[in-house]
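Numbering (numbering that gives the first Met the number 0), first residue to last: 0 to 669.
Cβ atoms here follow ideal geometry from the backbone N, Cα and C, with glycine treated the same way.
Worksheet for the structure shown next.
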Amino acid sequence: MRKLTSIVLLSMALAATLLAQKSGIYKEDLDPSCKPCEDFWRYAAGGWLDRNPIPARQARWGTMSVMTERNRERLKTILEEAAAAGPGAPAHVKQIGDLYAACMDTAALDARGLEPVRPVLDRISAVSDLNGLRALLVEFQMNGLSPGMLVALPDLKNSKQMIANIGTGGISLPDRDYYFRDDPRSQKIREEFVKHVEQMFVLLGEPQDKAAAAAQKVMAFEKELAGAMLTNVQRRDPYARYHKMDLAGVNALTPDFDWKAVYRLFSLPESTPVNVSEPEFLRKLNAQLTSVPLEDWKTWLRWRAVKTAAGMLSKPFRDEDFRFSSTVLTGVREPLPRWQECANTVDRTLGDALGREFVARYFPPEATKRMTELVENLRATLREELEKAGWLTPETKKNAVAKLNAFYAKIGYPDRWRDYSQVSIRRDRFFESVRSAMESNRKYQISKIGKPIDRNDWGMTPPTVNAYYNPTMNEIAFPAGILQPPLFDLEADDAVNYGAIGAVIGHEMGHGFDDQGSKYDADGNLREWWTPEDRRKFEERTACVIDQYNNLDVGEGLRHNGKLVVGEALGDLGGLTLAYRAYKRSLKGKEGPVLDGFTADQRFFLAFARTWAMVDRPEAARLRLNTDPHPLPRFRAIGTLQNMPEFHKAFGCKPGDPMVRPPEKQCKLW
Numbered sequence: 000m001r002k003l004t005s006i007v008l009l010s011m012a013l014a015a016t017l018l019a020q021k022s023g024i025y026k027e028d029l030d031p032s033c034k035p036c037e038d039f040w041r042y043a044a045g046g047w048l049d050r051n052p053i054p055a056r057q058a059r060w061g062t063m064s065v066m067t068e069r070n071r072e073r074l075k076t077i078l079e080e081a082a083a084a085g086p087g088a089p090a091h092v093k094q095i096g097d098l099y100a101a102c103m104d105t106a107a108l109d110a111r112g113l114e115p116v117r118p119v120l121d122r123i124s125a126v127s128d129l130n131g132l133r134a135l136l137v138e139f140q141m142n143g144l145s146p147g148m149l150v151a152l153p154d155l156k157n158s159k160q161m162i163a164n165i166g167t168g169g170i171s172l173p174d175r176d177y178y179f180r181d182d183p184r185s186q187k188i189r190e191e192f193v194k195h196v197e198q199m200f201v202l203l204g205e206p207q208d209k210a211a212a213a214a215q216k217v218m219a220f221e222k223e224l225a226g227a228m229l230t231n232v233q234r235r236d237p238y239a240r241y242h243k244m245d246l247a248g249v250n251a252l253t254p255d256f257d258w259k260a261v262y263r264l265f266s267l268p269e270s271t272p273v274n275v276s277e278p279e280f281l282r283k284l285n286a287q288l289t290s291v292p293l294e295d296w297k298t299w300l301r302w303r304a305v306k307t308a309a310g311m312l313s314k315p316f317r318d319e320d321f322r323f324s325s326t327v328l329t330g331v332r333e334p335l336p337r338w339q340e341c342a343n344t345v346d347r348t349l350g351d352a353l354g355r356e357f358v359a360r361y362f363p364p365e366a367t368k369r370m371t372e373l374v375e376n377l378r379a380t381l382r383e384e385l386e387k388a389g390w391l392t393p394e395t396k397k398n399a400v401a402k403l404n405a406f407y408a409k410i411g412y413p414d415r416w417r418d419y420s421q422v423s424i425r426r427d428r429f430f431e432s433v434r435s436a437m438e439s440n441r442k443y444q445i446s447k448i449g450k451p452i453d454r455n456d457w458g459m460t461p462p463t464v465n466a467y468y469n470p471t472m473n474e475i476a477f478p479a480g481i482l483q484p485p486l487f488d489l490e491a492d493d494a495v496n497y498g499a500i501g502a503v504i505g506h507e508m509g510h511g512f513d514d515q516g517s518k519y520d521a522d523g524n525l526r527e528w529w530t531p532e533d534r535r536k537f538e539e540r541t542a543c544v545i546d547q548y549n550n551l552d553v554g555e556g557l558r559h560n561g562k563l564v565v566g567e568a569l570g571d572l573g574g575l576t577l578a579y580r581a582y583k584r585s586l587k588g589k590e591g592p593v594l595d596g597f598t599a600d601q602r603f604f605l606a607f608a609r610t611w612a613m614v615d616r617p618e619a620a621r622l623r624l625n626t627d628p629h630p631l632p633r634f635r636a637i638g639t640l641q642n643m644p645e646f647h648k649a650f651g652c653k654p655g656d657p658m659v660r661p662p663e664k665q666c667k668l669w
C-alpha cells in the first residue's frame, strides 16, 4: 500500500509539473502568503513544497528529485524488459538485464551470506609479513581497496595528454574534518561510526570484545590518514594538487611502497610520469606501513573489504550499512525500493549500455537541436559581456574570449558507446558481476594513461539529472537526464526555459571563470592568463560572494563556509545573470508576453527559483554544509537573487527588503 501511495503522489507531482504548458508556471506551486521581496524562494515554491514533504526514503526532496524519480521509473521499464528479453537480444541489453536480475534476487544474496567476499577476506588473513602486505596493497589497486589509488587524469599543465595520478583515500567518514571536529554532532557521528564498524565485525563472526577493539583500531588508523589530507577548501586550489614527478620521485616519497609493482600491474612503462595530488598523504601512508602493526593493517583491510561489499551481501550487512550510511549520516528512515537500488547499480557499472537505451526512448533529436541553440545564444551573450567588461584589460579580455570560444559543449549522450564485451555478468553471481564490471572500468581508465584525451568520455551517465564543467578539458556537459521538464521543456515558454535550463547552462559556463576555472586557459592548462591587476579585481568580486555566504544564516546558528561554496555561488550568480541577458537578447528588442498574470521577467525568475524547490533533512543539511561546495538549495535562490537588480525591478523590491542587498554590498561578476 505504501508503494502504491508513493507512486500516486509521484504521479501527481509530475502532473503538476507538466500540465501548464502555456506559461510553465503554476499558481498552486506558489505561496501567496509570502511576499516575493521577503523570501522569494518560499513565494515561488512554497505551495509545491507544502504538498511534497520529503519521503522517508530520501535525504533531500525537490524539483530535481522528482526528475530523478521519473528517470528511475523509465530505467525500471527498460531493465525489466531487458531482464525478460530472449536470447536474440543485443549483447548490451542482455548485460543490463542480467545484472538487474542478479541484483533483484535478494534471496540468492541472503543464501550466499559472506561467500562473495570470503576470497578477499582469506587473502587478507594469509598475509604474514610486511612484504606480503606490500604485495597485497599492490593487488588491491585493482579492486579499489588500497589507499592512494592510481588513476588516469588529464595533465593539469599539458591537458591534451592523460597522465597517471595518485590521489588520497582510505577514510570512511564523509570528509577528513569529521575525524577532528569537536562539535556535538561530529562527536556523535564518530561514536556511531565506531559502533557501526564494531557491528560489521560481529557480522563477520568476531566476538563482541574483539569486534569493539577492531573498531577502535579502524578509527585510529583512519584518523591518521585523514590528518595528512588537505581540507575541502585547500583542495580548491589546483596548484596545491599538482606535483608532477617520475617514478623515482614517487619512490622517494614512499620508499616502503612498491610503486614499480603497481606500474607492472597496469602494464605501464617505468618512464610514465605521475602527478601526486597530495604528497603529505603519501608520506603518511608510507609511515603507516612500518609504524602500524601488521594485524592492525589487516583489521583495517578487512573493514574496507566488508564496507565496499556490504550492499551486495546478505540482509544483515545491507541493513547495518543503511543504518549508518543513510540514517545516521543523512536522517533517511527507509531504504530505497530494491528496484531503485538495482537501477542505480546498473547505471553506475554499465552506464553506457543502459544510457543508450534511455536516450533511444526519451531524448528526441529535436531536444539536442533546441539545447544547442540555447547554449550558443548564451555563449554569444557571454562573449558580449566579456568584451564590454570595463574592469578587464584588453589582454585578459582577449584570453577570456578565446577560452569561451573554445568551450566544448556535450549535449545528451556520447558520440560513441562503450563496449562492455569484456565484462562477465551472471544472474546467480551479483557480487562477482559487479566486480567484473568495476575491474573492466578500471582497466579501461588506466589504459588511457599516456594517450591523448578522449572527448567522447563523459563524467556522468545519460540518465543523470545534473551537469558539469571540466576545466582540464574546457568542456560543459548536459546529460539527457537533466534535459527534461520542468528544467527543459520543448513546449514551454522561452522565459521559463531560460530561467531554468538557461541558468544551468550559464552556471556551467560560469565555472570556466570562477575561483578554480579561471586558473585554466582555453586549452584546459593550469596557467595564469590574467594580468596581476585583473586577478586582484577578480578576487575582490570573489571576496564579495564569500562574505555574503559567510553571513547567510541557514538556521540553528549554522552558516555556509563562503570559501567552500564560492565557486558554485559564483556559478549561480554569473549563470543567472548570463541567462537573463541571453533571454533578452533572444527577444531582439521586443517584450516577452504576459502569461497567466506574470510578465516574462517574472516567469524567468520564478522558473529559476523553482529549480531550487528542494529541502534537506536536518542531518543531511549539516552534512552538506560541512562537505558540499554547493550552497543549500534555498540559498542558491535567495543568495543569487539578492544581487540582481533585474529581479528587484521585476517584482518591485525596494532597498531594505530582505531580497535586496544594499547597493554597495551587491556582488557582480560581469
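*Rounded separation between Q547 and Q641 - CA only*: The residue given as residue 547 occupies position 548 in the sequence shown. The residue given as residue 641 occupies position 642 in the sequence shown. One C-alpha to the other measures close to 10 Å.
*Which two residues bound the contiguous beta strand (DSSP E) that contains M613?*
As a position in the sequence shown, residue 613 is number 614, starting the count at 1. For M613, the uninterrupted beta strand (DSSP E) run begins and ends at 613 to 615, by DSSP.
*asked:* Quick check on DSSP: helix, strand or coil for P153?
replied: Taking the first residue of the sequence shown as position 1, residue 153 is located at position 154. Strand.
*Per DSSP, V273 is paired with what?*
What you label residue 273 is simply residue 274 of the sequence shown in a count that begins at 1. Partner(s): A163, M244.
_Those residues which DSSP pairs with F477 across a bridge_ = Residue 477 sits at position 478 when you count from the first residue of the sequence shown. According to DSSP, which records beta bridges pairwise, F477 is partnered with I410.
*If C36 sits next to D656, beta carbons under 8 Å apart, how far is it from one beta carbon to the other, in whole angstroms?*
As a position in the sequence shown, residue 36 is number 37, starting the count at 1. As a position in the sequence shown, residue 656 is number 657, starting the count at 1. C36 to D656, Cβ: 4 Å. Contact.
*Grab me the residues of H559's own chain with a C-beta within less than 8 Å of its C-beta, minus the 5 sequence neighbours each way, in chain order.*
To locate residue 559, count along the sequence shown from 1; it is residue 560. Short of 8 Å from the beta carbon of H559, and not among the five residues preceding or following it, lie these beta carbons of its own chain, in chain order: Y548, N549, L551, V553, L624, P630, L631, F634.
*Extent of the continuous alpha helix (DSSP H) to which Y468 belongs*: Translated into the one-based positions of the sequence shown, residue 468 becomes position 469. Per DSSP, Y468 belongs to no alpha helix (DSSP H); it is in the beta strand (DSSP E), 467 to 469.
*Mind checking which residues open and close the beta strand (DSSP E) that includes R59?*
Locating residue 59 in the sequence shown gives position 60, where the first residue counts as 1. Taken as a continuous stretch (DSSP letters only), the beta strand (DSSP E) holding R59 covers 59 to 61.
_9 Å Cβ cutoff met for L328 and L132_ = Counting from 1 along the sequence shown, the entry for residue 328 is found at position 329. Counting from 1 along the sequence shown, the entry for residue 132 is found at position 133. No.
*Does the beta-carbon of R317 have 16 or more other beta-carbons within 10 angstroms, so that it is buried, or is it exposed?*
For the purposes of this step, residue 317 is taken as the residue at position 318 of the sequence shown. It is buried - the Cβ of R317 has at least 16 other Cβ atoms within 10 Å.
*Would you mind giving the Cβ-Cβ distance between L349 and A436, rounded to the nearest angstrom? I have them listed as a contact below 8 Å.*
As a position in the sequence shown, residue 349 is number 350, starting the count at 1. As a position in the sequence shown, residue 436 is number 437, starting the count at 1. Confirmed, about 6 Å.
*Any contact of the stretch 240 to 256 with the stretch 117 to 126, i.e. 3+ C-beta pairs under 8 Å?*
no
*Report, in whole angstroms, the separation of the C-beta atoms of D346 and L335, which I expect to be a contact under 8 Å.*
In the sequence shown, counting from the first residue as 1, residue 346 sits at position 347. In the sequence shown, counting from the first residue as 1, residue 335 sits at position 336. Contact doesn't hold; Cβ gap of about 13 Å is too wide.
*Taking R584 as the reference, which of E527, C666, Y497, E269 has the closest Cα?*
The residue labelled residue 584 in the question sits at position 585 within the sequence shown. Closest option to R584, Cα to Cα, is Y497.
*Rounded C-alpha distance that separates T660 from L572*: By one-based count along the sequence shown, residue 660 stands at place 661. By one-based count along the sequence shown, residue 572 stands at place 573. Checking the displayed sequence, the identity of residue 660 turns out to be Arg instead of Thr. Looking at the two C-alpha atoms, the distance is approximately 14 Å.
*Work out the CA separation of F487 and M658 for me, nearest whole Å.*
Taking the sequence shown and counting its residues from 1, one reaches residue 658 at position 659. Taking the sequence shown and counting its residues from 1, one reaches residue 487 at position 488. Distance between the alpha carbons of M658 and F487 is about 26 Å.
*Got a sec, what are the start and stop residues for the alpha helix (DSSP H) V503 sits in?*
Counted from its first residue, the sequence shown places residue 503 at position 504. DSSP places V503 inside the alpha helix (DSSP H), whose first and last residues are 502 to 510.
*Give me the Cα-Cα distance between A107 and T289, rounded to the nearest whole angstrom.*
Translated into positions along the sequence shown, residue 107 becomes position 108. Translated into positions along the sequence shown, residue 289 becomes position 290. Each residue's alpha carbon lies about 41 Å from the other.
*asked:* Less than 9 Å between the C-beta atoms of W529 and T344, yes or no?
replied: Position 530 of the sequence shown, counting from 1, holds the residue named residue 529. Position 345 of the sequence shown, counting from 1, holds the residue named residue 344. Going by C-beta atoms, W529 is not nearer than 9 Å to T344.
*Touch test, the stretch 417 to 432 against the stretch 444 to 452, Cβ-Cβ under 8 Å, three pairs minimum*: Touching, no, given that fewer than three Cβ pairs across the two stretches are closer than 8 Å.
*Using 8 Å as the Cβ pair cut-off and three pairs as the minimum, do the stretch 270 to 279 and the stretch 243 to 254 touch?*
With a cut-off of 8 Å, the stretch 243 to 254 and the stretch 270 to 279 count as touching, because enough Cβ pairs lie within range.
*In the DSSP assignment, find the alpha helix (DSSP H) that holds V261 and state where it starts and stops.*
Translated into positions along the sequence shown, residue 261 becomes position 262. Its alpha helix (DSSP H) spans residues 258 to 264.
*beta strand (DSSP E) containing G554: first to last residue?*
Working through the sequence shown from its first residue, we reach residue 554 at position 555. Going by DSSP, G554 is part of the beta strand (DSSP E) stretching over 552 to 554.
*Helix, strand or coil: which one does DSSP assign to F597?*
For the purposes of this step, residue 597 is taken as residue 598 along the sequence shown, with counting starting at 1. Correct three-state label for F597: strand.
_Cβ shell of K314 (< 6 Å), same chain only, five flanking positions each side left out_ = Counting from 1 along the sequence shown, the entry for residue 314 is found at position 315. Here the set comprises D109.
*Does the stretch 136 to 150 come within contact of the stretch 167 to 185, defined as at least 3 CB pairs closer than 8 Å?*
yes
*From P54, E663, A44, pick the residue whose C-alpha is nearest to that of E333; which is it?*
Here the question's residue 333 lines up with position 334 in the sequence shown. Comparing C-alpha distances from E333 to each of P54, E663, A44 shows the shortest one belongs to P54.
*Just the Cα atoms here: how many angstroms apart are D520 and A408?*
Locating residue 520 in the sequence shown gives position 521, where the first residue counts as 1. Locating residue 408 in the sequence shown gives position 409, where the first residue counts as 1. Cα to Cα, D520 sits roughly 16 Å from A408.
*Per the contact definition of three or more C-beta pairs closer than 8 Å, is the stretch 579 to 593 in contact with the stretch 372 to 389?*
yes
*Decide yes or no for the touch test of the stretch 351 to 368 against the stretch 70 to 78: beta carbon pairs closer than 8 Å, at least 3 of them.*
These segments touch.
*Tell me whether the beta-carbon of E221 lies closer than 9 Å to the beta-carbon of W299.*
Translated into the one-based positions of the sequence shown, residue 221 becomes position 222. Translated into the one-based positions of the sequence shown, residue 299 becomes position 300. Yes. Within cutoff.
*What residues in its chain sit with their C-beta under 6 Å from that of A611, if we drop five residues either side in the sequence?*
For this step, residue 611 is matched to residue 612 along the sequence shown. What sits at residue 611 in the sequence shown is Trp, not Ala. If we look at W611 and ignore the five residues flanking it on each side, its Cβ neighbours are P632, R635, A636.
*Is Y519 helix, strand or coil when you go by DSSP?*
The sequence position of residue 519 within the sequence shown is 520, counting from 1. Correct three-state label for Y519: strand.
*What do you get for K297, buried or exposed, if any count of 16 or more other CB atoms within 10 angstroms of its CB means buried?*
The sequence position of residue 297 within the sequence shown is 298, counting from 1. It counts as buried.
_Residue range of the alpha helix (DSSP H) that includes S290_ = Taking the first residue of the sequence shown as position 1, residue 290 is located at position 291. Where S290 is concerned, the enclosing alpha helix (DSSP H) stretches over 278 to 290.
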